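Protein chains in written order, with our numbering: chain G, 3 to 297; chain R, 3 to 297.
So this is what it looks like as structure tokens:
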């Protein structure tokens with residue numbers, strides 16, 4: 003884990019600084035919106051998606067500023083999804099990253115708009131010529147993020163998640179749900195790093211295998227945390243899935259088998275990186291961190 | 003108006019067909035989301051933004067299929083904004099285009115997600131290689147739509163609109179609010195048509211002047227309709243601004259001066275097109291339609 007701690011600290015600092023620079027207040031009545039966007043975006047979260055992006059980009063010599071910029075866009079989509087997920091009509095959560103959620107700190111209308119604002123902010127950032135001088139790189143980044151977050155990605159997974167409250171899903175359906183809801187955006191981090199690194203699609207097979215495996219391992223770990231975690235450490239409400247009667251990896255597999263499955267996926271993820279040298283050490287460390295974290 | 007009626011009919015038909023083709027049901031639990039997106043997107047609205055896009059593109063010989071595809075993305079952003087605007091925490095509207103709003107026909111959570119889904123759908127469509135073989139055209143379309151709909155465009159205007167309920171805005175501030183909230187997306191239609199037509203930025207001055215003027219005229223006409231219109235014809239609730247104590251062009255200028263101002267803006271918009279021949283007739287007709295419509 004020697005490479006991980008500084009990488010986590012650095013990405014947290016860089017993403018905060020990047021949001022701070024890119025989400026500038028306007029000095030007019032729009033500032034309440036921008037302040038709400040900043041409130042949600044700055045100073046919280048593990049920044050795991052940007053870390054995957056910068057770690058992958060770093061393997062191929064991409065300058066850090068570009069990778070952080072793309073990571074900020076990716077994280078903006080993650081943050082918008084949390085704001086909307088936390089709304090009273092969705093998960094109705096009052097706490098996120100240890101502080102009041104946006105609709106509590108501001109109001110519901112502002113939370114809806116702040117989510118929408120961060121959503122489109124991601125595409126403003128990626129399409130800006132400052133992102134990359136190559137329009138093909140910019141459009142590939144946009145396409146990857148859009149596909150990962152739409153009906154065939156995160157939003158589709160969220161819809162399945164709502165359906166899961168009233169239907170009883172089997173393991174393949176829960177797996178599919180989680181691949182869409184969580185896996186797609188984590189995988190987008192790796193893919194966007196590879197795009198910035200100009201890795202051709204046919205050279206991304208192992209990276210995609212890695213991303214798929216850690217995505218599933220991440221969700222199993224999340225389900226385990228939801229069952230066994232400490233709310234104070236997690237900074238959010240836990241035990242929600244069981245209350246709502248949702249099937250999870252833990253409810254379907256049991257705690258022991260779920261834990262084994264997560265470990266197996268992490269080993270498999272690391273094996274996908276066998277053709278890379280020490281330049282992939284951060285990705286290896288992230289894979290292990292995903293199942294060992296306590297929040 | 004001889005050119006307008008067939009243009010309005012054709013764009014309505016084309017946009018419906020395009021949404022129908024592009025929003026394909028998945029055959030799994032995501033279908034409730036996709037159905038809600040289709041419910042909101044298909045069969046309603048004047049399709050004014052896609053009409054501006056296709057009419058502008060048509061002036062420069064762009065094939066209609068490409069213009070309709072880009073117009074579908076643009077309209078998707080408009081539709082997502084209506085879904086979120088109609089939410090109980092925002093305008094709390096039960097009727098839109100003469101039918102129940104999405105959160106009434108489905109539920110609030112589905113409405114939030116359907117809005118989010120249509121939002122990102124726009125960027126999926128524009129970044130798809132099927133949109134244009136030229137990555138520079140695709141990224142310019144993305145950038146134009148993103149800028150027009152974010153904090154420096156539509157979302158910023160919506161935030162000012164919320165602030166307008168408790169603050170008393172003067173005419174310049176209401177003008178700025180409306181330029182952001184409504185004008186930016188209408189202008190994006192003209193701009194995206196010019197991008198597809200490969201009009202260089204320095205050749206877009208007159209088109210941008212036209213777009214700015216009709217954007218403002220559109221909103222003044224909307225304020226007049228809100229004051230004087232027929233709810234049955236409009237297919238939505240009216241008289242809301244006055245109830246909420248919001249300043250509008252009509253409250254600030256009075257009915258007569260507002261009507262004169264709208265007509266003046268339309269004439270000015272048409273004058274911006276003086277260097278174009280009959281190829282700009284649809285844009286000229288749209289400008290007049292904007293102040294003469296009854297819904």
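C-beta atoms are modelled at their ideal positions from N, C-alpha and C, and glycine is treated no differently.
Quick caveat, the model's predicted, so the values are computed rather than measured.
Give, in chain order, every residue of the region 143-158 of chain R whose Cβ lies closer than 7 Å to some Cβ of chain G.
144, 145, 148, 149, 151, 152, 153, 157 and 158
Can you pull out the residues from the region 10-26 of chain G whose beta carbon lies closer than 7 Å to at least one beta carbon of chain R?
none
Note down, one range per segment and in chain order, each alpha helix (DSSP H) of at least 4 residues found wholly within the region 162-223 of chain G.
173-180 and 186-198
Looking only at DSSP bridge pairs, what is residue 97/G linked to?
102/G
Collapsed DSSP secondary structure at residue 48/G in the structure displayed
coil
Rounded separation between residue 80/R and residue 273/G - CA only
Looking at the two C-alpha atoms, the distance is approximately 46 Å.
Proximity winner among 148/R, 164/R, 39/R and 8/R, relative to residue 191/R (alpha-carbon distances)
148/R
Got a sec: is the Cβ-Cβ distance from residue 85/R to anything in chain G below 8 Å?
The Cβ of residue 85/R sits no closer than 8 Å to any Cβ of chain G.
Identify whether residue 56/R lies in helix, strand or coil by the three-state DSSP scheme.
helix
Kindly indicate if chain G contains any beta-carbon less than 8 Å away from that of residue 137/R.
Yes, contact with chain G.
Alpha helix (DSSP H) runs wholly inside the region 235-286 of chain G, at least 4 long, in chain order
242-245, 251-255 and 257-273
Any idea what DSSP makes of residue 123/R, helix, strand or coil?
helix
Counted within 10 angstroms of its Cβ, other Cβ atoms place residue 186/G as buried (16 or more) or exposed:
Result: buried.
Can the beta-carbon of residue 54/G be found less than 8 Å from the beta-carbon of residue 40/G?
no
Ignore the nearest five residues each way along the sequence and tell me which others in residue 75/G's own chain have a CB closer than 7 Å to its CB.
124, 127, 128 and 147
Does the beta carbon of residue 194/R come closer than 8 Å to any beta carbon on chain G?
no
At a Cβ cut of 9 Å, what residues of the region 200-225 of chain R count as close to chain G, listed as they run along the chain?
So nothing in the stretch comes that close.
Select from 59/R, 82/R and 157/R the residue whose C-alpha is nearest the C-alpha of residue 198/R.
59/R
With H, G and I counted as helix, E and B as strand and the rest as coil, what does DSSP make of residue 31/R?
coil
Run through chain G and tell me which residues come within less than 9 Å of residue 169/R, C-beta to C-beta.
The answer, in chain order, is 31.
Take residue 71/R and list the residues in its own chain whose beta-carbon comes closer than 7 Å to its own, dropping the five residues that flank it on each side.
20, 127 and 133
Where the alpha helix (DSSP H) containing residue 82/R begins and where it ends
66-87
Would you kindly work out how many angstroms separate the C-alpha atoms of residue 237/R and residue 101/R, rounded to a whole number?
8 Å
Taking only the alpha-carbon atoms, compute the straight-line gap between residue 228/R and residue 34/R and give it to the nearest angstrom.
Their backbone Cα atoms lie some 33 Å apart in a straight line.
Helix, strand or coil for residue 138/G, going by three-state DSSP, please let me know.
helix
Output the distance between the C-alpha atoms of residue 268/G and residue 90/G, rounded to the nearest integer angstrom.
35 Å
Mapping DSSP to helix, strand and coil, what is residue 25/R?
coil
Contact set between residue 162/R and chain G, taken where Cβ atoms lie within less than 8 Å
Those are 30, 31 and 32, listed as they occur along chain G.
CB contact flag (residue 46/R, residue 157/G, <8 Å)
no
Step through the CB atoms of chain G and report whether any lies within less than 8 Å of the CB of residue 287/R.
no
Output needed for residue 2/R: all residues of its chain with C-beta closer than 8 Å, excluding positions within five of it in sequence on either side, in chain order.
This structure cannot speak to residue 2/R, because chain R is shown only from 3 to 297.
Supposed close pair residue 257/G, residue 226/G - CB separation, criterion 8 Å
7 Å
Name, going along the chain, the residues of the region 46-73 of chain G whose beta-carbon falls closer than 8 Å to a beta-carbon of chain R.
none
Counting contacts by CB-CB distance shorter than 8 Å, is residue 89/G in contact with chain R?
At least one chain R Cβ lies under 8 Å of residue 89/G.
Does any CB atom of chain G fall closer than 8 Å to the CB of residue 126/R?
With its beta carbon less than 8 Å from one in chain G, residue 126/R belongs to the interface.
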